[in-house]
Amino acid sequence: MEVKIGIAESARELLVSSDQTPEEVAKLVDEAIAGGGDGLLRLTDEKGRKFVVRGERIAYVEIAPEEARKVGFAIG
Numbered sequence: 086m087e088v089k090i091g092i093a094e095s096a097r098e099l100l101v102s103s104d105q106t107p108e109e110v111a112k113l114v115d116e117a118i119a120g121g122g123d124g125l126l127r128l129t130d131e132k133g134r135k136f137v138v139r140g141e142r143i144a145y146v147e148i149a150p151e152e153a154r155k156v157g158f159a160i161g
């Protein structure tokens with residue numbers, strides 16, 4: 086699944102490919118924005134890299150489930 090995070094006052098987005106479900110990511114985002122725990126959004130991507138974003142700096146989050154990728158040409 087792909088998670089795109091917009092950071093306040095930054096022209097770039099953070100793009101993370103995660104094995105977590107959209108519901109799990111949404112819950113983590115909600116907790117980080119609400120300041121629950123330490124107020125940090127912590128995600129781990131498919132390669133084991135860890136990403137940490139302060140909840141107060143999150144401008145937006147786009148959660149897109151993994152779609153079947155089509156390669157090549159199809160007749161039809």
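Offset between the sequence shown (1-based) and my numbering: plus 85. We put the CB at the ideal spot given by N, CA and C, even for glycine.
Whether residue i touches residue j by CB criterion (7 Å)
i, j, result
"K89", "E147", "yes"
"L125", "A117", "yes"
"E87", "A149", "yes"
Simplified DSSP state of residue i, which is helix, strand or coil
i, result
"A93", "coil"
"E98", "strand"
"E131", "coil"
Distance between beta carbons of residue j and residue i, contact taken as under 8 Å
i, j, result
"I92", "L99", "6 Å"
"V110", "S103", "6 Å"
"K120", "G140", "Position check: residue 120 holds Gly in this sequence, whereas Lys was assumed. Their Cβ separation, rounded to whole angstroms, is 6 Å, which keeps G120 and G140 in contact under 8 Å."
Range of the contiguous beta strand (DSSP E) that encloses residue i
i, result
"K135", "K135 to R139"
"I160", "Careful: I160 lies outside any beta strand (DSSP E) and carries neither H nor E."
Extent of the continuous alpha helix (DSSP H) to which residue i belongs
i, result
"I118", "P107 to A119"
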